[in-house]
Structure formats: structure tokens, C-alpha cells
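Here is the structure we will look at, set down as C-alpha cells.
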Amino acid sequence: MFEDHGLLVINLMSAPGAGKTTLLEATIKSLRGRCRLAVIEGDLQTDLDAQRIQALGVRSHQITTGTVCHLDARMVARALTVFPVDELDLLVIENVGNLICPASFDLGEGLRVVVCSVAEGAEKPRKYPVMFHKAAVVLINKIDLAAASDVDLVELEANIRSVNPTATIFKLSCKSGVGLDEWTEWLQHAVAARQASVLVGA
């Protein structure tokens, strides 16, 4: 269904506290006026993240999963009824914060994007390889904390490459803004490519 509408869908995943929502807010601000987007938020409880997205003037729907540690395709399908899919270019599904369960469930996304905070340590990709192996993009977030966290960014990137040699990797900081332009420009090109693929197939 998503492909028929030229809609790019991203499954955004990370461990809790990696900075998914803050990154999403920064991405929305950068793409404002250039991309029509909506967000599905997944959390065990509360709609706090959905409120943060709505405060930016973006359509957002909260899925609360209770004790379930991931979203699934049925949850997403039900949430889609609140969005005018024909009026969107990009749908971001912010999955439940977890590096294990979400990796095993296909939500119908076009891209899997994993956010990895440097504060988690350089070894995280090797400890949770399935999550990183299936990612099209890995965003190394909070690089401003690398020195304080005693994390070697070269080692972290090498560990990502060891489980996923083809992933596109961006190093960024939502606090300083470093790397955000490169990420959002890449994302805008990905949205355009998805739309172009529909025109070619028409």
C-alpha cells in the first residue's frame, strides 16, 4: 500500500534514551515546508512523545503497547486510519525503545533506521547484531558526549560495519546540530526517490 502512494515509511528504532524523539524533532524542524510527514509513536505507556511531535504542528498518533516490547504490523495498520495517506510524503514510526524485539517485526517500512547513542558504548552493535544487521541507516547520536563517555567513534563505526557493511552511517549531535543537515538532506533524497519510483511504474 505504501509503495502505491509513493510514501516513504521509516521504522525508527533504538535502545531507550538513545535520543530518537529529540532527533525526530530536529528532523521535523529541518524538513518543515519541504516534506509532508506524520509520525506514529510507540511506547509502553503515556502519549508524551506524541504530544512533543504535535507541538511542532505535525500529525502524530500514539500507540501504547502495555507490556508488549515492540510494535507490529496490525498495530500500525489500525493507526493508519487516522492519517490521510495520500497527503503524506513521509511516515516515521518511532518504535518502542528496545534493541531486541523490534528487530524481528516487519511493519511494512521502506527503511529501517537505528539510532545508536555513543553513551551506550562502542560494543553495542556487536552485542545486538540483529538490530544493526537489518538497518539501512545507522545514526550515531550524541557525538558531543563521546569524550565524556570515553567512546572511540572509529571503533563504534567499525563495530557497526562488522555486522552491516552496507549501512549508511551518519554521526550527529542534536545538541550542537553537527551532522543533522547531512542526515536530513539524505532523507529528503530518499523521499524523492520513493516518489519517483511510483511515477516510473505508472
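In UniProt numbering, the protein residues as written are 1 to 202. No residue lacks a Cβ here, since even glycine has one placed at the ideal position from N, Cα and C.
Asked	Found
For Thr27, count neighbouring C-beta atoms within 10 Å of its own C-beta (all shown protein chains included) and say buried if the count is 16 or more, exposed if not.	buried
Report all residues from its chain with a CB closer than 6 Å to the CB of Asp89; omit the five preceding and five following residues, and keep chain order.	Cys35, Arg36, Val191
Name the DSSP beta bridge partners of Ala192, please?	DSSP, once it has assigned bridges, lists no residue as partnering Ala192.
Closest to Asn95 by CA distance: which of Ile10, Trp183, Val198 is it?	Ile10
What residue ranges within the segment 8-50 form continuous alpha helix (DSSP H) runs of no fewer than 4 residues, ordered along the chain?	20-31
In the DSSP assignment, find the alpha helix (DSSP H) that holds Val130 and state where it starts and stops.	129-133
Measure the CB-CB distance between Ser176 and Asp150 and report whether it falls below 7 Å.	no
Figure out for me which residue from Ala196, His70, Ile63 has the closest Cα to the Cα of Pro102.	His70
What do you reckon, are the CB atoms on Glu195 and Gly33 nearer than 7 Å?	The residue you asked about is not Glu; residue 195 is Gln in the sequence shown. Against a cut-off of 7 Å, the Cβ pair of Gly33 and Gln195 comes out as no contact.
Who pairs with Thr168 in a beta bridge, going by DSSP?	Val137
Check this for me: beta carbons of Thr184 and Ser30, under 7 Å apart or not?	yes
Along the chain, where does the alpha helix (DSSP H) that runs through Ser149 open and close?	146-149
Taking just the CA atoms, how far does Arg78 sit from Leu107?	12 Å
Between the alpha carbons of Leu99 and Met13, how many angstroms are there, rounded?	8 Å
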